[in-house]
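Novice:
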Amino acid sequence: MIALDVNIKRKTFPATKGQAAFVALENLRFSVSEGQFVCIVGPSGAGKTSMLNIVAGLDKDFDGLISVNLGDSGRRLAYMFQSPRLLPWRTVLENVELVLDGAPGAREIALGLIGEVGLAKFAHAYPGQISLGMQRRAALARAFALNPGVLLMDEPFVSLDEAAAEGLRTLLVDLWKSRPTTVVFVTHDTREAIKLATRILVLTSAPAKVAHDFPVPLSPMDRADAQAVEAFRRSHPAFGGPLSVVSEAPSLNGRVAKSVSP
Amino acid sequence: MFSSVATMNPALTRAGWLAGSVFALIMIWAIAAAFADPRYLPSPLVVLNAMATGVQNGELLYHVGVTLARVAASFFLAMSIGSAIGILMGRSYGFNQFFDSWLTLFLNLPALVTIILCYIWFGLNETAAIAAVALNKIPNVAITMREGARALSADYSQMAQVYHLGRWKTFRHVTLPQLAPFFAASTRSGLALVWKIVLVVELLGRSNGVGFQLHTYFQLFDVANILAYAIAFIIVVQLIEMFVLQPWERSVNRWRQ
Chain E
564 MIALDVNIKR KTFPATKGQA AFVALENLRF SVSEGQFVCI VGPSGAGKTS MLNIVAGLDK
624 DFDGLISVNL GDSGRRLAYM FQSPRLLPWR TVLENVELVL DGAPGAREIA LGLIGEVGLA
684 KFAHAYPGQI SLGMQRRAAL ARAFALNPGV LLMDEPFVSL DEAAAEGLRT LLVDLWKSRP
744 TTVVFVTHDT REAIKLATRI LVLTSAPAKV AHDFPVPLSP MDRADAQAVE AFRRSHPAFG
804 GPLSVVSEAP SLNGRVAKSV SP
Chain S
172 MFSSVATMNP ALTRAGWLAG SVFALIMIWA IAAAFADPRY LPSPLVVLNA MATGVQNGEL
232 LYHVGVTLAR VAASFFLAMS IGSAIGILMG RSYGFNQFFD SWLTLFLNLP ALVTIILCYI
292 WFGLNETAAI AAVALNKIPN VAITMREGAR ALSADYSQMA QVYHLGRWKT FRHVTLPQLA
352 PFFAASTRSG LALVWKIVLV VELLGRSNGV GFQLHTYFQL FDVANILAYA IAFIIVVQLI
412 EMFVLQPWER SVNRWRQ
């Protein structure tokens with residue numbers, strides 16, 4: 564089943580003082596099937612965040628069509644922003660509870676997820692009292708608390724040291740495996756994309772469109788191995804490697820993703 | 172932290188300084204009164220005596236109570252209307268452009284003019300009195316709250332939108348906490364301004380309240396009672412500040428520690 568179908572004909576930012584009008588996205592088309600973990604890689608300023616804001620429904624001023632299929636009724640869309648965007652006047656627990664909208668058992672769900680992301684001892688701490696890495700864990704707990712049908716993530720692990728980022732990646736994959744959902748994860752870090760994704764889309768610089776689209780057929784063990792990740796990266800044409808590998812291969816979930824790369 | 176200071180209880184230190192400085196002020200007053208004509212500057216003991224008499228016969232408490240009720244009514248009126256106008260002006264470009272000059276006009280209108288016009292147009296009654304005070308305070312509240320509304324974070328409102336918090340929860344849990352410091356600022360300056368204007372309103376057109384009593388004792392040339400009423404009201408306002416406003420501000424700001 565298709566979870567997400569993106570067809571953005573054009574997204575333009577109007578001219579402002581000292582800046583000419585700017586076409587951020589043009590003919591950006593792709594669809595994501597249910598349960599896929601798609602990483603979208605592109606250069607800085609390619610319009611990746613603009614695309615996520617359109618998909619999330621935050622930006623309605625664009626030309627095109629987005630259809631989101633959240634699966635079971637009651638599932639929602641979640642969006643983990645680049646900054647954690649926790650409300651500083653609410654504790655970690657209160658932040659997670661807020662999005663659960665007073666559903667029965669909201670506190671138990673929130674506490675369970677806070678425990679899973681390793682913040683059990685900090686459930687009653689305010690965001691200002693914990694590190695950025697821990698705030699990101701809290702934001703991850705908030706996103707998964709909703710049992711989201713689609714989860715959008717905008718470079719959620721930048722400006723962390725490598726160990727903290729790696730810990731969060733492992734946590735994200737664990738959560739995704741225990742609570743299957745469709746993930747669209749934007750990053751500029753190709754190694755991070757290979758470690759996480761079942762499928763990678765590479766965007767051109769602005770106006771962004773899809774330049775490459777291919778599956779990542781690596782085993783969990785290979786993904787944990789920096790050398791295997793590096794070997795895959797070097798071998799792939801999208802990242803400047805030889806034009807020989809992967810045109811069609813099963814994704815981690817056993818689905819087949821068609822490649823449109825040359 | 173300075174280790175020598177940290178060993179003392181900071182609250183006790185503060186109370187010590189306060190007691191010392193108030194005591195010094197009373198001593199200066201007592202010494203000055205010893206040299207002055209007691210009709211012009213009665214001694215602290217005479218004023219205390221006047222205050223005690225006023226409390227005993229119930230007059231002082233009655234008039235302070237009446238004034239407090241007017242302060243409360245006009246304060247809440249000014250805070251709610253001023254906040255609404257300020258937030259709208261901070262959020263809407265057109266609204267701000269249109270009402271900006273009105274705001275400047277009302278901000279520069281002397282309090283006395285508003286009071287006199289209100290009494291002329293609405294008559295010498297309670298409605299006119301409270302409206303006059305509120306009208307004087309509304310522009311100040313609006314200006315402070317406009318700054319607050321302009322500083323609202325777009326990041327948080329996107330978060331609220333994505334997570335479907337809805338209008339009420341967004342207002343209650345995302346918008347209001349961001350406005351709280353601005354609200355606190357206009358509450359503090361508001362209370363100080365409002366009670367002074369209430370006294371003028373009472374002096375000009377009411378037959379009870381602290382302002383009316385001050386007027387009466389002015390005509391009787393009774394400085395002891397004038398000081399007794401003034402000090403009584405200062406004490407009441409300080410108590411409100413200490414036991415209502417400060418605890419509220421602390422609880423709103425506890426996440427900042």
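Protein sequence lines, in the order shown, are assigned to chains E and S. So that you can map any letter, position 112 of the first sequence is 675 in the working numbering, and since no number is skipped, the others follow by simple counting. So that you can map any letter, position 6 of the second sequence is 177 in the working numbering, and since no number is skipped, the others follow by simple counting. Even for Gly, the Cβ is constructed at its ideal location relative to N, Cα and C.
Answer yes or no: do E/ALA619 and E/LEU766 have a C-beta to C-beta separation smaller than 8 Å?
Specialist: The sequence position of residue 619 of chain E within the first sequence is 56, counting from 1. The sequence position of residue 766 of chain E within the first sequence is 203, counting from 1. Cβ distance not < 8 Å, so E/ALA619 and E/LEU766 don't count as in contact.
Novice: Mind checking whether E/ALA769 and E/ALA578 have CB atoms under 8 Å apart?
Specialist: Here residue 769 of chain E refers to the residue found at position 206 when the first sequence is read from its first residue. Here residue 578 of chain E refers to the residue found at position 15 when the first sequence is read from its first residue. Not closer than 8 Å, so no.
Novice: At a CB-CB cut-off below 9 Å, which residues of chain E make contact with S/LEU336?
Specialist: Within the second sequence, residue 336 of chain S is the residue found at index 165, counting from 1. Within 9 Å Cβ-Cβ: LEU661, VAL662 and ASP664.
Novice: Check the C-beta distance from E/LEU714 over to E/ALA801 and give it rounded, since I have them as a contact under 8 Å.
Specialist: As a working mapping, residue 714 of chain E is identified with position 151 in the first sequence. As a working mapping, residue 801 of chain E is identified with position 238 in the first sequence. 24 Å between Cβ atoms; not a contact.
Novice: For E/THR575, report the span of its beta strand (DSSP E) as first-last.
Specialist: In the first sequence, residue 575 of chain E corresponds to position 12, counting from 1. Taken as a continuous stretch (DSSP letters only), the beta strand (DSSP E) holding E/THR575 covers 565-576.
Novice: Please check if any C-beta of chain E sits within less than 8 Å of the C-beta of S/MET250.
Specialist: For this step, residue 250 of chain S is matched to residue 79 along the second sequence. Judged by the 8 Å Cβ criterion, S/MET250 is not in contact with chain E.
Novice: Using 8 Å for Cβ pairs, my map puts E/ARG648 next to E/ALA702. What's the rounded Cβ distance?
Specialist: Counting from 1 along the first sequence, the entry for residue 648 of chain E is found at position 85. Counting from 1 along the first sequence, the entry for residue 702 of chain E is found at position 139. Their Cβ separation, rounded to whole angstroms, is 7 Å, which keeps E/ARG648 and E/ALA702 in contact under 8 Å.
Novice: Classify S/ASN279 as helix, strand or coil using the three-state DSSP reduction.
Specialist: Position 108 of the second sequence, counted from the first residue, corresponds to residue 279 of chain S. Note: S/ASN279 maps to helix in three-state DSSP.
Novice: Hey, how far is the Cα of E/ASP717 from the Cα of E/GLN645?
Specialist: On the first sequence, residue 717 of chain E is found 154 positions in, with the first residue counted as 1. On the first sequence, residue 645 of chain E is found 82 positions in, with the first residue counted as 1. Going by the C-alpha atoms only, they are around 5 Å apart.
Novice: Rounding to the nearest angstrom, what Cα-Cα distance links E/ASN570 and E/ASP624 in this structure?
Specialist: On the first sequence, position 7 is the one that residue 570 of chain E refers to. On the first sequence, position 61 is the one that residue 624 of chain E refers to. Rounded to the nearest angstrom, the two C-alpha atoms are 14 Å apart.
Novice: Run the CB neighbour count on E/PHE600, radius 10 Å, all protein chains shown included, and call it buried at 16 or more, exposed below.
Specialist: As a first step, residue 600 of chain E must be located in the first sequence, where it is residue number 37. With 16 or more other Cβ atoms within 10 Å, it is buried.
Novice: Drop a sphere of 10 angstroms on the beta-carbon of S/ARG317, count the other beta-carbons inside from all chains shown, and report buried for 16 or more, exposed for fewer.
Specialist: Position 146 of the second sequence, counted from the start, is the residue given in the question as residue 317 of chain S. Label assigned to S/ARG317: buried.
Novice: For the beta strand (DSSP E) holding E/ARG592, just list the boundary residues, first then last.
Specialist: What you label residue 592 of chain E is simply residue 29 of the first sequence in a count that begins at 1. First-last of the beta strand (DSSP E) with E/ARG592: 585-596.
Novice: How should S/TYR290 be labelled, buried or exposed, when 16 other C-beta atoms within 10 angstroms of its C-beta is the threshold for buried?
Specialist: Sequence index remark: in the second sequence, residue 290 of chain S carries index 119 (1-based). Result: buried.
Novice: Answer with buried or exposed for E/SER814, where buried requires no fewer than 16 other C-beta atoms within 10 angstroms of its C-beta.
Specialist: The residue labelled residue 814 of chain E in the question sits at position 251 within the first sequence. Residue confidence is low: E/SER814 scores 40 on pLDDT, short of 50, so the model does not pin down where it sits. Its coordinate-derived value is still stated next. Buried, since its Cβ has 16 or more Cβ neighbours within 10 Å.
Novice: Given a cut-off of 8 Å on the beta-carbon distance, is the pair E/LEU734 and E/VAL680 in contact?
Specialist: In the first sequence, residue 734 of chain E corresponds to position 171, counting from 1. In the first sequence, residue 680 of chain E corresponds to position 117, counting from 1. Yes. Within cutoff.
Novice: Give the secondary structure of S/SER175 by DSSP, where H, G and I count as helix, E and B as strand, and everything else as coil.
Specialist: Looking up residue 175 of chain S in the second sequence gives position 4. In this prediction, S/SER175 scores a pLDDT of 49, lower than 50, which makes its location untrustworthy; no coordinate-derived value is stated.
Novice: Would you kindly work out how many angstroms separate the C-alpha atoms of S/SER324 and S/MET260, rounded to a whole number?
Specialist: If you number the second sequence from 1, residue 324 of chain S lands on position 153. If you number the second sequence from 1, residue 260 of chain S lands on position 89. Answer to the nearest angstrom: the Cα atoms are 16 Å apart.
Novice: Is the Cβ of S/TYR264 closer than 8 Å to any Cβ of chain E?
Specialist: One-based indexing of the second sequence puts residue 264 of chain S at position 93. For S/TYR264, the answer is no, since every Cβ of chain E falls outside 8 Å of its Cβ.
Novice: Curious, which full-length alpha helix (DSSP H) runs of at least 4 residues does the stretch 614-663 of chain E contain?
Specialist: For the stretch 614-663 of chain E, whole alpha helix (DSSP H) runs of length 4 or above, ordered along the chain, are 655-663.
Novice: If the cut is a Cβ gap below 8 Å, which residues of chain E does S/TYR327 touch?
Specialist: As a first step, residue 327 of chain S is located in the second sequence; it is residue number 156 there, counting from the start. Per Cβ cutoff of 8 Å: ARG648 and LEU650.
Novice: Take E/ALA728 and list the residues in its own chain whose beta-carbon comes closer than 7 Å to its own, dropping the five residues that flank it on each side.
Specialist: Along the first sequence, read from residue 1 onward, the residue named residue 728 of chain E stands at position 165. Cβ within range, chain order: PHE720.
Novice: Does the structure place the stretch 602-616 of chain E close enough to the stretch 654-669 of chain E that three or more beta carbon pairs sit under 8 Å?
Specialist: As far as the Cβ criterion goes, the stretch 654-669 of chain E does not touch the stretch 602-616 of chain E, which means the pair count is below three.
Novice: Mind checking E/MET784: buried by the 16 CB within 10 Å criterion, or exposed?
Specialist: Start at 1 with the first residue of the first sequence, and residue 784 of chain E comes out as number 221. E/MET784 is exposed by the Cβ-count criterion.
Novice: Give the residues from the stretch 599-629 of chain E that approach chain S closer than 9 Å (Cβ to any Cβ), ordered along the chain.
Specialist: Hits within the stretch, in order: ASN616, ALA619, GLY620 and LEU621.
Novice: Give the secondary structure of E/ARG742 by DSSP, where H, G and I count as helix, E and B as strand, and everything else as coil.
Specialist: Position 179 of the first sequence holds residue 742 of chain E. Coil at E/ARG742, not helix or strand.
Novice: Is the stretch 629-636 of chain E touching the stretch 662-671 of chain E in the sense that three or more CB pairs, one from each, lie closer than 8 Å?
Specialist: Flag = no, the stretch 662-671 of chain E and the stretch 629-636 of chain E do not touch.
Novice: From the DSSP secondary-structure annotation, give me the bridge partner or partners of E/LEU764.
Specialist: Translated into the one-based positions of the first sequence, residue 764 of chain E becomes position 201. Answer by DSSP bridge pairing, in chain order: E/ILE603 and E/ASP776.
Novice: So with Cβ pairs under 8 Å, would you call S/MET316 a contact of chain E?
Specialist: Walking along the second sequence from the start, residue 316 of chain S turns up at place 145. No, no contact with chain E.
Novice: Contact criterion: CB-CB distance below 8 Å. Does E/ARG639 meet it with respect to chain S?
Specialist: Position 76 of the first sequence, counted from the start, is the residue given in the question as residue 639 of chain E. Chain S contact via Cβ: present.
Novice: Would you list the residues sitting across from S/PHE383 in a DSSP beta bridge?
Specialist: Stepping through the second sequence from its first residue, residue 383 of chain S is reached at position 212. Partner(s): none; S/PHE383 has no beta bridge.
Novice: When the cut-off is 8 Å and only beta carbons count, does E/ALA820 lie next to chain S?
Specialist: Translated into the one-based positions of the first sequence, residue 820 of chain E becomes position 257. Confidence at E/ALA820 is low in this model, with a pLDDT of 41, below 50, so the placement of that residue should be treated as unreliable; the coordinate-derived value is given next. No - not a single Cβ of chain S is within 8 Å of the one on E/ALA820.
Novice: Below 8 Å between beta carbons: does that hold for S/PHE266 and S/VAL365?
Specialist: As a first step, residue 266 of chain S is located in the second sequence; it is residue number 95 there, counting from the start. As a first step, residue 365 of chain S is located in the second sequence; it is residue number 194 there, counting from the start. Contact: no.
Novice: For E/PHE707, which three-state DSSP category applies?
Specialist: What you label residue 707 of chain E is simply residue 144 of the first sequence in a count that begins at 1. In this structure, E/PHE707 counts as helix in the three-state DSSP scheme.
Novice: Which residues share a DSSP beta bridge with S/MET198?
Specialist: Here residue 198 of chain S refers to the residue found at position 27 of the second sequence. According to DSSP, which records beta bridges pairwise, S/MET198 is partnered with nothing at all.
Novice: When you compare only the Cα positions, how much space is there between S/PRO348 and S/ALA355?
Specialist: Taking the second sequence and counting its residues from 1, one reaches residue 348 of chain S at position 177. Taking the second sequence and counting its residues from 1, one reaches residue 355 of chain S at position 184. Their Cα atoms are separated by approximately 11 Å.
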